[in-house]
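Scroll down for the structure; my scribbles are underneath it.
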Amino acid sequence: MDFALSADEHAFAADVRRFLADHPPDRFPVDGMDAGYGSGAHSRAFLRALGERGWISLTWPRAFGGEGRPLMFRLVLFEELALAGAPFGPLAGCDQTAEAIIRDGSDRLRAELLPRIARGDATFWQGFSEPGAGSDLLSLETQASRDGDQWVIRGHKIWSSHAGISTHGLVLARTARGGRRQDGLTMFVVDNATAGMDIRPIRSLTGEVYHYEVFLDGVRVHRDWVLGREHEGWAQLLRGLDTDRFWGRFYKAPMLTRVLRRLVDYANTTVRDGGWLAHDAGVRRRLAAMATEIEVLRVLFYRIGWMLAEGLPTPYEAALAKVMADEAGQKLAALGLELLGPHAALPPSSPWAALAGEIQHLYLTTMGHTIAGGTSEVLRTTVATRGLGLPREPRART
Amino acid sequence: MDFRLSDQQRLLVTIARDFLDKQASTAVAPAGMPHERGLPADVWREMARLGWPGLLVPQALGGSGGSMLDVVLLVEEMGRACLGGPYVGSAVAATALLLRGDPRARQWLPAMALGERIVTLAVAEEGASFAPDSLAMAVDAPGRLEGVKLFVRDADVADTLIVAGRGAGGLNVALVPRDRAGVTVTAVALMSGENVFAVEFRNVAIDTSDLVGSPGRGLDLLRAALRAGALARAAEMVGAAQRVLELAVEHAKVRVQSGRPIGTFQAIQHACADLLRNVEGARWIVRSAAWNADCPDAGGADSRAADTAVATAKAWTGEACLAVARRAHQVFGAIGYCEEHPLHRFHKQILASSVDFGDASTHLETVAGAIGLAPDAV
């Protein structure tokens, strides 16, 4: 066993830190909300800066224009960006989509999209959930029917992050009926500019827009823009979902480390009820306990990353780690609010807000984390059945 | 990074699992009947034959030159078998201390590696703290020891005590034969069925030749022992919690209520998922900390990092494994309340391990310092 980064990985981490020093993250314009997962706000400009450096395609094979670096480098990049609070919001989605296109995409999809992704010009939203299909995704009703070389999609997608400021959606639709529910689904890459798309913002509890709902009314997509095989979209989704749980949460531990550091500074410099917060035994103990939990998360996530890099199966590990990461985030945010005392109730934008309102903002956004990408309840069931072999609950007859 | 066990480590774990499964019926104290010696002598001899007491000892001194990572893998298996006895105290903590000692101190190691000599640490005092700066007893050489050390393990089978205390120029650690005049040992039973001891020192003579290392330089030695002991106890908890998880999952699969196995109910599934989370988190933070402790410590900074890694692992693991035991009671229902059911033995072992070599408060205070919280003004 070896729990340290290699010399090459250390050198790369130093490269990333130098890049961040040369490109201070707070100088980049932000065009989409930071939803608190650790990937910061959505900034197209920052994404393009990463693209210029070759870091969006860092781990792609050279044949597809990448640098062919091992997967561990991507983890190092995410960790350094999250520790710095950089606005790399769409990066994980770009990575996962590119990976799927490289693995399963048509030649045309590869030729048209990969160079744009690598530059930071193409970003993606996920069109999976529907008003009637949340945790029970297989009850989705969006349909696509064939018309010559094209598919025509009709339906209503919802809870699609940053859909209105992305360039393309990954839309899962039913293309055949009969057989099992998981058969006959197809994954499409849909250009936001296609006729028939209506993308509407949903204002979140912070007052900002993160999610969108998307109405697709006769949206035409060429067959070449199917991701993977037709009617086998469920397998495509499962592969994506599991890695989504991992990649969508890997940067949470370093993000929480950054927040913890801010709270330590706050405790060191704040007097409450006649004493320094940092001298309060309860405060010390609880901040330290959070530090231990974050460290556990970091080790678990790096282990999963290593397993993925080794090609080992991860039937439940990402689900387990996601639940833990999201609950740890909620715990730290709640502890942070407690430290703020009466300041806790101020909205993030208040001129009186301590730490620029970051803790309140995080607290509110973390409410969504244990729901998005698989609720903690669904994922605990995954861990119990796939990780421990417990028998499945009998399915309700419908 | 590499999260794989080496071939040798896999072999160590396989042999340990096999041996301990066979011994389990005899080695584990029957519920409510603490073994007088913590571990039957024949089991200890078998463990010695397998080379386990010498795992940390260099080959030149008769051991196998293993690492702390090897130790936590082995001790995890011991915890899974609820095995008591002097392994952690003597073969891990005391050995780690003597390894860093002067050549004279290292002369003790060959006999310890063979399991022929057992050495134990006498650290905590009335304040029941393992933190080095909490120690009040004076250990000066030449001089006299006066006072009481509490929560000393294995003092019935150990022939030598390592006593830590304040010296004129800093912390001292001294090797004191248990039968030296003025040393009195009194057993106190733990819930886990093991004994700890109060060791009273009355006018006990200490000579300079009893000190390990030069006068006033004992802090690093003691810290090495505390790191090793805390890691081993943490690994023991991981193993015990792993066994609790296995038993709980097995129970959830076969226990039928309302016409179906209780493991099909989400309330039970989710409880079991949380047990797995805690066991896996604890296992990997302990292994990672052991790896950190193995890194050659070139000086203060590095051993500080190792202290933080170990404190992190011990604090989190203690809480996580206790939570496993408590939640498992809920999965087992009434049967887990019975003395004949094994759950409470593992629960009590976790409890005992969680407070040995520093409880959660002590370790969290180490972490609090490491993350930069300003020291208390007091």
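Chains A and B are the protein sequences, given in the same order. In terms of my numbering, the first sequence opens at residue 490 and continues consecutively. In terms of my numbering, the second sequence opens at residue 38 and continues consecutively. A virtual CB, placed ideally from N, CA and C, is assigned to each residue, including glycine. Remember, it's a predicted structure, so these values are computed and weren't measured experimentally.
DSSP, read as helix, strand or coil, puts residue 340 (chain B) in helix.
Contact annotation: residue 367 (chain B) and residue 316 (chain B) have beta-carbon atoms that are not nearer than 8 Å.
Residue 103 (chain B) and residue 95 (chain B) have their alpha carbons spaced roughly 7 Å apart. Cβ contact annotation for residue 323 (chain B) (same chain, cutoff 7 Å, sequence separation greater than five): 109, 268, 271, 272, 275, 350 and 354, in chain order.
Of the other Cβ atoms in all chains shown, fewer than 16 fall within 10 Å of the Cβ of residue 221 (chain B); this residue is therefore exposed.
Taking the beta carbon of residue 791 (chain A) as reference, the chain B residues within 7 Å of it are 38, listed in sequence order. Annotated three-state conformation of residue 526 (chain A) is coil, per DSSP. Excluding the 5 residues flanking it on each side, residue 732 (chain A) has same chain C-beta neighbours closer than 8 Å at 585, 588, 797 and 807, in chain order. Pairwise C-beta distances place the segment 535-544 of chain A out of contact with the segment 692-711 of chain A, as fewer than three of them are shorter than 8 Å. According to the DSSP secondary-structure assignment, residue 515 (chain A) is paired through a beta bridge with no residue. Against chain A, a Cβ distance below 9 Å from residue 303 (chain B) picks out 866, 869, 870, 873 and 882.
If you compare the alpha carbons of A:872, A:736 and A:554 with that of residue 568 (chain A), the shortest gap goes to A:736.
Note on geometry: alpha-carbon atoms of residue 673 (chain A) and residue 612 (chain A) lie some 27 Å from one another. DSSP places residue 234 (chain B) within a strand segment (E or B) once states are collapsed to three. According to DSSP, residue 705 (chain A) shares a beta bridge with A:644 and A:686. Within the segment 775-805 of chain A, the residues whose Cβ lies closer than 7 Å to some Cβ of chain B are 776, 777, 778, 780, 781, 782, 784, 785, 788, 789, 791, 792 and 795, listed in chain order. Here the alpha carbon of residue 283 (chain B) sits roughly 45 Å from the alpha carbon of residue 844 (chain A). Measuring C-alpha to C-alpha distances from residue 403 (chain B) to each of B:319, B:306 and B:264 identifies B:264 as the nearest. Here residue 841 (chain A) is exposed, its C-beta having fewer than 16 other C-beta atoms within 10 Å. Straight-line measurement puts the Cα of residue 767 (chain A) at about 8 Å from the Cα of residue 758 (chain A).
Between residue 544 (chain A) and residue 377 (chain B), the alpha-carbon positions lie close to 60 Å from each other.
Distance from the CA atom of residue 600 (chain A) to the CA atom of residue 553 (chain A), rounded to whole angstroms, is 9 Å. Checking the DSSP bridge columns, you'll see residue 492 (chain A) has no partner listed. With a beta-carbon spacing of about 18 Å, residue 739 (chain A) and residue 800 (chain A) fall beyond the 8 Å limit used to define contacts. Here the alpha carbon of residue 642 (chain A) sits roughly 14 Å from the alpha carbon of residue 720 (chain A).
The bridge partners DSSP lists for residue 385 (chain B) come to none.
Under DSSP, residue 765 (chain A) forms a beta bridge with A:760. When the alpha-carbon of residue 318 (chain B) is set against those of A:792, A:771 and A:775, the nearest one is in A:792. Here residue 87 (chain B) carries a coil assignment [DSSP, helix/strand/coil]. Segment contact: the segment 248-267 of chain B against the segment 119-139 of chain B, three or more CB-CB distances shorter than 8 Å; contact assigned. Ranking A:525, A:872 and A:664 by CA distance to the CA of residue 850 (chain A) puts A:525 first. Contact check for residue 76 (chain B) and residue 120 (chain B): beta-carbon distance about 7 Å, within the 8 Å limit, so the pair qualifies. Apart from the 5 residues on each side of it in sequence, residue 191 (chain B) sits with its Cβ closer than 7 Å to the Cβ of 75, 123, 126, 127, 155 and 157 in its chain, given in chain order. With fewer than 16 other CB atoms across the displayed protein chains lying within 10 angstroms of its CB, residue 839 (chain A) is exposed. Checking the DSSP bridge columns, you'll see residue 226 (chain B) partnered with B:232. Counting only residues of its own chain and dropping the five nearest sequence neighbours on each side, residue 258 (chain B) has a CB closer than 7 Å to the CB of 134, 137, 138, 210, 249 and 250.
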